[in-house]
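Undergrad:
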Amino acid sequence: MVQSARFRRLLVATAVFAMLLVSACSSKDKSTSPPTGGGALELNSPDLGHGAVYQHTFMNAGTFNYHCRFHGSMTATVVVLAGGAASASIGIADNVFGTPSVTVVPGAQVTWTNNGSNTHSVTSD
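According to mature numbering (1 follows the signal peptide of the UniProt record, and there is no 0), the stretch in the sequence shown is residues -24 to -1, 1 to 101, in order.
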């Protein structure tokens, strides 16, 4: 009888542990979008609705190609090198980045503003 009670407690504890493990491994966010606002990508904005602004400071020299996750034909480039501008502003319209290429110095901040009605993103290639 004592063994049966221990077995039941062990069985209940195992079931609770399994439920907690499954719960912890499941995500409440079922979105298929990549993570936003960070991660390994140089540019990885959140979804930008009308009027939303995304800013990024480029610390290293290089060429940074980017696109909109929602509209793959929307592409542009930020070039970071000595002699570039101290900052840049890029307007986003529906289905186009307003400036296809900007050149800024290392440490410069680039600001994107969604002036269109569609949701857009600024995401590294």
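Built from N, CA and C at the ideal position, the CB exists for glycine as well.
1. Using only the alpha-carbon positions, how far apart do G27 and S97 sit?
2. Please report the Cβ distance between G60 and V29, rounded to the nearest whole angstrom; I am assuming they are in contact, meaning their Cβ atoms lie under 8 Å.
3. Return helix, strand or coil for G92, following the three-state DSSP convention.
4. Along the beta strand (DSSP E) that carries H43, what are the first and last residues, could you check?
5. Please go through the same chain and pick out, in chain order, the residues whose beta-carbon is closer than 8 Å to the beta-carbon of T93, but skip the five residues on each side of it.
6. In the DSSP assignment, find the beta strand (DSSP E) that holds T51 and state where it starts and stops.
TA: This is what the structure holds:
1. Each residue's alpha carbon lies about 12 Å from the other.
2. The pair is not a contact, with the Cβ atoms about 21 Å apart (cut-off 8 Å).
3. coil
4. Segment G38 to H43, the beta strand (DSSP E) holding H43.
5. Looking at the sequence shown, residue 93 is not Thr but Ser. Contacts found: H26 and D70.
6. It spans T51 to A69 - the beta strand (DSSP E) in which T51 sits, taken as one unbroken run.
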